[in-house]
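S.K.:
Protein chains in written order, with the numbering used here: chain U, 300 to 461; chain R, 617 to 894.
(1) Listing by chain order, which chain U residues have their CB less than 9 Å from the CB of residue 790 of chain R?
(2) When you compare the CB of residue 479 of chain U with every CB in chain R, is at least one pair closer than 8 Å?
(3) Quick one: residues in its chain with C-beta nearer than 7 Å to the C-beta of residue 666 of chain R, no 5 flanking neighbours on either side, listed in chain order?
(4) When the distance is taken between beta carbons, is residue 814 of chain R closer than 8 Å to residue 829 of chain R?
(5) Applying the 10 Å Cβ sphere with the 16-neighbour rule, what's the burial state of residue 692 of chain R?
(6) What does the Cβ neighbour count give for residue 707 of chain R, buried or exposed, with the cut at 16 atoms within 10 Å?
(7) Between the C-alpha atoms of residue 332 of chain U and residue 884 of chain R, what's the straight-line distance to the nearest angstrom?
(8) List, in chain order, every chain R residue whose beta-carbon is nearer than 8 Å to that of residue 347 of chain U.
(9) Anything in chain U within Cβ reach of residue 705 of chain R, meaning under 9 Å, just list it in chain order.
(10) Excluding the five sequence neighbours on either side, which residues of its own chain have a C-beta within less than 8 Å of the C-beta of residue 831 of chain R, listed in chain order?
(11) Just by C-beta distance, which residues in the region 433–459 of chain U are closer than 7 Å to chain R?
(12) Which of helix, strand or coil does DSSP assign to residue 879 of chain R?
(13) Any chance you could list the beta strand (DSSP E) runs of at least 3 consecutive residues sitting entirely within the region 716–792 of chain R, in chain order?
(14) Output yes or no for whether 8 Å exceeds the beta carbon distance between residue 734 of chain R and residue 757 of chain R.
(15) Does residue 414 of chain U have its Cβ less than 8 Å from a Cβ in chain R?
(16) Taking 8 Å as the cut-off, does the region 694–701 of chain R touch the region 431–439 of chain U (at least 3 CB pairs, one atom from each stretch)?
(17) With DSSP as the reference, label residue 683 of chain R as helix, strand or coil.
(18) Using a threshold of 8 Å, state whether the C-beta atoms of residue 688 of chain R and residue 348 of chain U are closer than that.
(19) Looking at chain U, is there any beta carbon in it that lies within less than 8 Å of the beta carbon of residue 698 of chain R?
(20) If residue 824 of chain R and residue 848 of chain R are in contact, beta carbons under 8 Å, what's the gap, nearest whole angstrom?
(21) Quick check on DSSP: helix, strand or coil for residue 310 of chain U?
(22) So that I know if they touch, is there some Cβ in chain R lying closer than 8 Å to that of residue 344 of chain U?
In C-alpha cells, the structure reads:
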C-alpha cells in the first residue's frame, strides 16, 4: 500500500450543479456525495450491493453508489434525492410517498424514490409487475412494501400529463 | 498496459462483483484499469446469423434489446440478473471473465452455439464457449487478455429455449438455475442442450438429461427421466442457500418447468417467464 495516494481531478454535475473535485481513486461515489458534498440524503445501508439505500441516478440510470468509485462518475450527471425538490416544490414522487404513507423510518426512502424516478421516466403507466421489478433492488426493513408500491402507483397517476 | 502493471493489476468492467470482492479483501488488486471510458465496447449487432455483444454491454441493455429477444433465453437471463441497479452497471463480458460459480450467463451460453473473442497483446483469438470457463473464477483468458466480444449463433427455426432460476431475493445469486434449448420437429425433440447453474463449481451440462429428450416427445415420462438425470448430474454444496439434497430437488424441478417453456417457444409461442422467488 503506498503511503500517500495521488488524488485525481474529476468534474461532474450533481442535481444540475457543476462540481470539480480532487478525490482518491479508491473513494466510493456514495462517500464523495456524503462526505465531500455533504449530500447526506443518499444513505449507506448494507455497503454490499444488496439493499439499494445508496441508489442514485447516473446519467438517468439507477445505480448503487456504494458499488462505484467516485472517479467513475467523471463527466456524469448525477441525481440524488436532494435534486427531486424544485424551487420549494416537492417532486410528485415525494408528494405521493407522503400521501400514501410510503415510508416508516425513512432510511430506504431516498433510494426507493430514485428507483421510482428511473421507472417513471421510462414508463409513465407502469403495471404491477413493472413497479415490483423496479424496486426489487431496494430493501425496506420496516417491510412497508405495500404502501411503497401504492405510493409509486399514485405518483404515476399524478405525473400523467405533467 | 496490463503487462506493464504486472500480475496484481485487474480490469474493472461493471464492477458489480469486483467492487464487493475488494471491500471484503477477497480481491486486492495493486492497480485497477477501468474499462468503462472506452467507447465502442457496448453494442448488440446482428451479423450473418449471429448476434455480437460488446464486452461492456450492460445486462439492462440486453434486457431491453429487441434484437437479443430473438433468442428468448438471452432475455430470460438478462432480465433476471440481480436488480435494476446491478443490471444498469453489470456487463456480459465482466460477468463471463469473472466466472463466478453462481453466475447466470455461463449457464445460458452453455446451451447455445457461442464463442468468446479474447484480445491481448499477441492479438485476438476466438474460444468456443465450451472451452472458455475452466473452473470456478477461472477462464481461458491469459493474464494479459480481456473479453473483446461475445458471439451467439441465432438458433434455427423450430428451436426454443428458456432459463429459470430460483432466488431468495432479487439482489442475490440464484440458489439453483436451469437452462434449456430444444429443437423440435413436430412433437419430437430433435436436439436438446441442457445446463444447470449454482449446483457445481461451474455450470454443469446435463448430458443424460439431453439424451433423455433427444428423439422423444415431451411427455411426463421423458420429463421425469430428464429431471432424474439432472438430479444425478448436479454436484451442489450445502450452504446458507440450502442443503445439497434440497438443491438437487430444486434444480430438477426448475429443469422440468424450463423444458415445458422451451418446447412451447420452439413451437413459436410467445411465453414470458420470470425467475421464482422464495
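Note that the Cβ used here is the ideal one computed from N, Cα and C, for glycine as well.
M.R.: A quick look at the data gives this:
(1) Simply none; closest approach about 14 Å.
(2) With chain U represented from 300 up to 461, any question about residue 479 of chain U goes unanswered, as that position is not in the structure.
(3) Taken in chain order, the residues that qualify are 767, 768, 769, 770.
(4) Taking C-beta atoms as the reference points, residue 829 of chain R and residue 814 of chain R fail to come closer than 8 Å.
(5) By the 10 Å Cβ count, residue 692 of chain R comes out buried.
(6) By the 10 Å Cβ count, residue 707 of chain R comes out buried.
(7) Between the C-alpha atoms of residue 332 of chain U and residue 884 of chain R there is a straight-line separation of about 49 Å.
(8) Going along chain R in sequence order, the residues near residue 347 of chain U (Cβ under 8 Å) are 636, 639.
(9) What residue 705 of chain R touches in chain U: 357, 360, 362, 363, 366, 367.
(10) The residues are 804, 805, 806.
(11) When C-beta distances to chain R are compared with 7 Å, the residues of the region 433–459 of chain U below that value are 433, 435, 436, in chain order.
(12) In the three-state reduction of the DSSP assignment, residue 879 of chain R falls in the helix class.
(13) Within the region 716–792 of chain R, the beta strand (DSSP E) runs of at least 3 residues that lie entirely inside it are, in chain order, 730–736, 739–744, 749–751, 762–769, 775–783.
(14) At a Cβ-Cβ threshold of 8 Å, residue 734 of chain R and residue 757 of chain R count as neighbours.
(15) Between residue 414 of chain U and chain R, the shortest Cβ-Cβ separation is below 8 Å.
(16) Output reads yes: the region 694–701 of chain R touches the region 431–439 of chain U.
(17) Three-state DSSP puts residue 683 of chain R in coil, outside helix and strand.
(18) No. Outside cutoff.
(19) Yes, its Cβ sits closer than 8 Å to a Cβ of chain U.
(20) 7 Å between Cβ atoms; contact.
(21) Of the three classes helix, strand and coil, the one that applies to residue 310 of chain U here is strand, per DSSP.
(22) Residue 344 of chain U is outside the set of residues whose beta carbon lies under 8 Å from a beta carbon in chain R.
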